[in-house]
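Enquirer: To start, I am sharing the structure in question, which I have written as structure tokens.
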Amino acid sequence: MADFVTVANLAASSLGEDDQLRSPDDDTHLSRSVRAVFDVERVAALRDHTWNFAMRRYALPRVANPDFDTDPFGYAYRLPAESVRLVEVMGARADSYQVEGPYILSGAAAPLRVRCIIDVAEPAAWDALFVKAFAMRVAWQIADRITGDPNRVQMAERKYRAALMEAKRVDARENPPVAQAPTGWEEARMGCLTRVDSRGFVWP
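Below, the structure written as structure tokens:
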């Protein structure tokens, strides 16, 4: 299974470097360089796509007596601490809620059912193609520090873009497309015969 060492060594190999880690505790230039970017780049990579392995569903309780203005939505719901991206408020129209800081503002009654991308910190739980794409992303971020060669930095970016495209394509094929609720503008534009109640839920 993948781990920090796996990612670091894939990144190094991608850059044409012979140095390899044997332990996550190795105190080497490669290890320090990877560790400096690992956490920030992991979250950024997870936010970049609706990865199936990182998708979770929640039923959120309403925040009681929030100390901030929730108008015109009415209620506030706190996003899960591990969430790095809200993907969907299930059954709600896209313009019937708003993300502000760690909260979702919505007129929907509790519980608010959502889908989120979470911070999956352990590489062992990642999809294999995400491991590869993330390693290429790390390689790109450390390329200048490791090689000092602008051409290898550009090559690292190209490798990352290619690996990311492959990972996204395969990930997207695993699930059927999810129909999104139309916005108010789309309803007016297309004359959708849908009914939206006061809580923002779409009904046929």
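For the sequence shown, numbering that gives the first Met the number 0 gives the first residue as 0, with consecutive numbering after it.
Glycine included, C-beta positions come from ideal geometry on N, C-alpha and C.
1) Quick one, which of D66, S95, T49 and L45 has its alpha-carbon nearest A171's?
2) Just to confirm before moving on: does the CB-CB distance between E16 and F133 stay below 9 Å?
3) Using the beta-carbon count (16 or more within 10 Å), is A1 buried or exposed?
4) Strictly by DSSP, which residues pair up with Y76?
5) Could you give the distance in angstroms between the alpha-carbon of N150 and the alpha-carbon of R136?
6) Would you kindly work out how many angstroms separate the C-alpha atoms of L45 and E87, rounded to a whole number?
7) Ignore the nearest five residues each way along the sequence and tell me which others in L163's own chain have a CB closer than 6 Å to its CB.
8) Using the Cα positions of R160 and L85, report the straight-line distance between them to the nearest angstrom.
9) Pick from D68, V119, W125 and D126: whose alpha carbon is nearest that of E99?
10) If you follow the alpha helix (DSSP H) that R34 is in, where does it begin and where does it stop?
11) Which residues bound the alpha helix (DSSP H) around S12?
12) Pop quiz: V33 and A7 are said to be a contact at Cβ under 8 Å. What is the actual Cβ separation, rounded to whole angstroms?
13) So, with DSSP's three-state summary, where would you put V83?
14) Am I right that A166 and P110 are in contact with their C-beta atoms under 8 Å? What's the rounded C-beta distance?
15) Quick check: the Cα distance between A142 and P175, rounded to an integer number of angstroms?
16) Run through DSSP, which three-state label would R92 get?
Expert: Answer, in terms of the structure:
1) T49
2) no
3) Around the beta carbon of A1, 16 or more other beta carbons sit within 10 angstroms, so the residue counts as buried.
4) R61 and I103
5) 16 Å
6) 16 Å
7) Beyond the five residues adjoining it in sequence on each side, L163 comes within less than 6 Å, by CB distance, of A132 in the same chain, given in chain order.
8) Their Cα atoms are separated by approximately 24 Å.
9) Minimum Cα-Cα distance from E99 among the listed residues D68, V119, W125 and D126 corresponds to D68.
10) H28 to R46
11) F3 to S13
12) 4 Å
13) strand
14) Wrong, their Cβ atoms sit about 32 Å apart, outside the cutoff.
15) 37 Å
16) coil
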